[in-house]
Amino acid sequence: MPGPSTPPHPPEQGGLLASSPFTVGGHRWRVWYYPNGDGTATKGWVSIYPFLDEDVAEPVRARFRLSMLSERRALFFLHYKEELLSHPEVQHDFTSRSGWGYSKFCKSEDLASLVRRRSVDRFSIRCDIVVLNGFRTEEEEAPSAAVPPSDLHRHLGDLLQSGRGTDVVFEVGGEAFAAHRCVLAARSPVISADLLGAANDCAAAAGVVRVDGVEPRAFKALLHYAYTDSLPEMDKEEEGAILRNLLMAAERYGLPRLKTICEDKLCRLLDVATVEIVLALAEQHHCDRLKEACLQFLAAPANLRAVMRARGR
C-alpha cells in the first residue's frame with residue numbers, strides 16, 4: 001500500500017467527513033475521512049488523515065496508527081468489533097492545522113467487498129495517537145475569591161495576653177505566667193509530660209506548676225512562641241541573653257523549630273564579649289551551625305586578638 005502523505009488543501013474531490021474534535025496530549029485533533037479519495041489521483045481510494053486542529057508555536061511530534069473496525073450486532077444490544085484493515089504505526093511532526101496520513105488507505109471497492117463478506121452492519125475508524133513532545137495541559141482557572149492570610153496566631157496571642165480561660169499557672173523565678181494546658185500540650189508532648197503531667201503533684205493538680213532552670217523573660221518568650229509561632233519583640237541589650245536561655249529551654253521542651261530560630265539569631269548577634277559563651281552553648285546543645293559561626297568569627301585575627309585582650313592575655 002502507498003505510504004503516508006499530506007492531504008491536499010483544499011480537497012480536490014470533496015466528500016470530506018471530519019470527526020468531532022478530541023484531545024490528546026493537550027492538543028485538539030480530528031480525523032479526516034474521504035470515502036472516495038481526496039483528489040483526482042486518489043479517486044476510487046479511501047483517504048484518512050489525523051489532523052492537528054489548532055495553531056502551535058512548535059511542531060507536535062506524534063505517533064499514530066489507523067485502523068478500521070467492523071461492528072456486528074448480536075442479540076439486542078451487544079456489538080462485536082473486529083479489525084478489518086490497518087496500517088503500521090508511523091511518526092510525524094504536525095505543524096499548525098495540518099494533517100498527515102494515507103491518501104490511499106485502501107481501495108473503496110475492496111472495503112465494500114470486505115464489508116459484504118463479513119456481514120458488517122457498520123464500521124468505524126480508529127486512530128491511536130501518542131504525543132511525543134509538545135505535551136501540554138490547560139485548565140481553566142475557576143473563579144476564586146481573595147483568601148486573607150491566616151490570623152490564628154493573632155487570636156491565640158490575644159488569648160494568652162488576655163488570660164481568658166487559663167487553667168494552669170507557671171511559677172518561674174518568682175514570676176507567675178497563666179496559660180492553657182490544651183494549647184501547650186498540642187505544641188509539645190514534652191511540655192505536656194514535663195510541665196502538665198505531674199498528676200501526683202499537689203501543686204500541679206491545683207493548677208500551679210513550678211519551673212526551674214529557665215529565666216522568667218525566656219519562659220515568657222517560650223509561651224509567646226507556643227501560642228503565635230513567633231518570638232516577641234526584645235530589648236536589644238537583653239536579646240542575646242534571652243535567646244541563649246531560650247535555646248536551652250527549646251531543647252529541653254522539644255521545640256526544634258524554636259531552637260533553630262534562636263540559633264539563627266545568635267549567629268547574627270556574635271560579638272567579642274559573648275562569642276566564648278555562645279561557643280560553649282553551641283557545643284553543649286549540639287548546635288553545629290552556631291558553632292561554625294563562632295569559629296569563623298574567631299578565625300578573623302582582629303576578633304581573636306580582641307577576645308584575648310578581653311580575657312587579659
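Numbering-wise, the sequence shown is residues 1 to 313 according to this note's numbering.
Virtual Cβ for every residue (Gly too), placed ideally from N, Cα, C.
From Glu58 to Ala185, what distance separates their C-alpha atoms?
58 angstroms
Bridge partners - Gly99, DSSP secondary structure assignment:
Phe51
Return the CA-CA distance between Arg309 and Ala302, expressed in angstroms with no decimal places.
11 angstroms
Determine the DSSP secondary structure at Lys220, reduced to helix, strand or coil.
helix
Mind checking which residues open and close the alpha helix (DSSP H) that includes Cys294?
Asp288 to Ala299
Using 8 angstroms as the cut-off, can you tell me whether the segment 42-60 makes contact with the segment 82-99, which would need three or more C-beta pairs spanning the two stretches below that distance?
yes
Roughly how many angstroms lie between the CA atoms of Pro232 and Asn133, to the nearest whole one?
53 angstroms
Under a three-way DSSP split, which group does Met323 fall into?
Residue 323 lies beyond the stretch modelled for the chain, which goes from 1 to 313, so this question has no answer here.
Return the first residue and the last residue of the beta strand (DSSP E) that Thr40 is part of.
Premise fails: Thr40 is in no beta strand (DSSP E) and is neither H nor E.
Between Asn200 and the rest of its own chain, which residues show a CB-CB distance below 6 angstroms, the 5 nearest in sequence each way excluded?
At Asn200, the pLDDT of 41 sits below 50, so the modelled position is not reliable; the number obtained from the coordinates is stated separately. Within the same chain, Asn200 has no close Cβ partners at all.
Need the endpoints of the beta strand (DSSP E) that Asp158 sits in, please.
That residue, Asp158, is in no beta strand (DSSP E); its alpha helix (DSSP H) goes Leu152 to Ser162.
Would the segment 159-179 count as touching the segment 55-69 if we require 3 or more Cβ pairs under 8 angstroms?
no
Over the uninterrupted beta strand (DSSP E) stretch that includes Thr260, give me the two end residues.
It is not in any beta strand (DSSP E) - Thr260 instead sits in the alpha helix (DSSP H) that spans Pro256 to Cys267.
Provide the residue(s) that pair with Glu83 in DSSP beta bridges, ordered along the chain.
Leu69
Three-state secondary structure (DSSP) of Arg309:
helix
Going by DSSP, name the residue or residues bridged to Phe123.
Ser70
Candidates Val209, Met248 and Asp271: closest to Ile261 by CA position
Met248
Within the continuous beta strand (DSSP E) that includes Ala280, where are the two ends?
Segment Val275 to Gln284 is the alpha helix (DSSP H) holding Ala280; no beta strand (DSSP E) there.
Given a threshold of 16 other Cβ atoms within 10 Å of its Cβ, counted over all protein chains shown, does Thr42 qualify as buried or as exposed?
buried
Contact set for Ala273: own chain, Cβ-Cβ below 8 angstroms, skip 5 residues either direction
Ala310
Integer Cβ distance of Leu160 from Tyr227, believed to fall under 8 angstroms
5 angstroms
What residue from Ala112, Glu292, Ser150 and Leu223 has the CA that sits closest to Val183's CA?
Leu223
Any idea which residues DSSP pairs Asp128 with across the strands?
Arg65
If you drop the 5 nearest sequence neighbours on each side, which residues of the same chain put their C-beta closer than 6 angstroms to that of Gly37?
Gln13, Lys43, Trp45 and Ser47
By Cβ distance below 6 angstroms, which residues in the same chain neighbour Arg63 in space, the five residues on each side in sequence not counted?
Glu89, Gln91 and Val130
Per DSSP, cross-strand counterpart(s) of Cys106
Val46
Would you give the residue range spanned by the beta strand (DSSP E) that Val31 belongs to?
His27 to Tyr34
Leu114 to Arg122 span [Cα, whole Å]:
11 angstroms
Does DSSP classify Ala57 as helix, strand or coil?
coil
Supposed close pair Ala282, Lys291 - CB separation, criterion 8 angstroms:
4 angstroms
Going straight from the alpha carbon of Val31 to that of Phe105, what length do you get?
13 angstroms
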